[in-house]
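See below for the structure under consideration.
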Amino acid sequence: MKIIAYYSGKIETKNRDCYIGDQKVDCPQTGKVFTTAGDKLNLLPQIPSLEKRNDTLFFILLLVIILGIAALAIFKIKIFGKTLGEYLMPIWYFILISITAVAWQYLFGLKINDNFTSIRISQWVWEICIAVSAYKLIKRSNFSYGNLFFLGVLYSLIIHGLKVTVRYLFYEKTFLYLADRFLYGSLLVMTIVFIGASMLLFFRQKGIIKF
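Count the sequence shown with the numbering used here and you get residues 2 to 212, in order.
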């Protein structure tokens, strides 16, 4: 006979075990996919070839990204008609706030036992920064959807690139988990950039909000 349990509260997954707050409960059968280390995957299937770590490859990829961004800035290469400075300078303080929010998550947020409420709030901070950044650039710099796409790429590299680096260096995660989290986070960023900015423009046109 199967025993069906009902729980009140949000179930959090930690290394294939499920918790509501600090209480361990039975995991619901939802077809979730995990890495061999027990980390939940949101988008990618189990890919054995990515279930590994390689410091040389990781730092080469990181260096290529850093040098690529530096080249865009130094040679003033235009992406969709805008230089890197035109993307970053009007919103530099939002980028700084986003980086601070991510750093706070790992330095302090994970140590607070409040059922991840502090982590969610810090995530809302950088999500709002992304949406307002997109709105501001549309309003002041006449950004097109191509420009918004590249803005999403930049925010993904800044926020989730930083998270991936922390997880690799300090939490010893595999490439599979890092790739899954980066893709999942980047999808969230792109959604905020396009939908968030469009909604802000709509509400402004209707006179509901003013900027």
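Note that beta-carbon positions come from the ideal geometry of N, C-alpha and C, so glycine has one too.
- Between T36 and the set K207, G208, F176, F203, the nearest pair of CA atoms involves F176.
- In its chain, beyond the 5 residues on either side, H161 have a beta carbon closer than 6 Å to the beta carbon of G186.
- Around the Cβ of D56, a 10 Å sphere holds fewer than 16 other Cβ atoms; the residue is exposed.
- Nearest to L45 by C-alpha distance, out of F203, L179, L202, is L179.
- Around L89, the same chain offers I96, L155 as residues with beta carbons nearer than 8 Å, after the five sequence neighbours per side are excluded.
- Per the C-alpha coordinates, the member of S134, G82, A104, L163 positioned closest to I120 is A104.
- In terms of Cα proximity to V190, the closest of Y136, I209, A132 is A132.
- The alpha-carbon of E173 is positioned some 49 Å away from that of K207.
- Taking a C-beta distance under 9 Å as the contact criterion, G110 and S123 qualify as a contact pair.
- Using a Cβ distance threshold of 9 Å, I78 and L85 count as a contacting pair.
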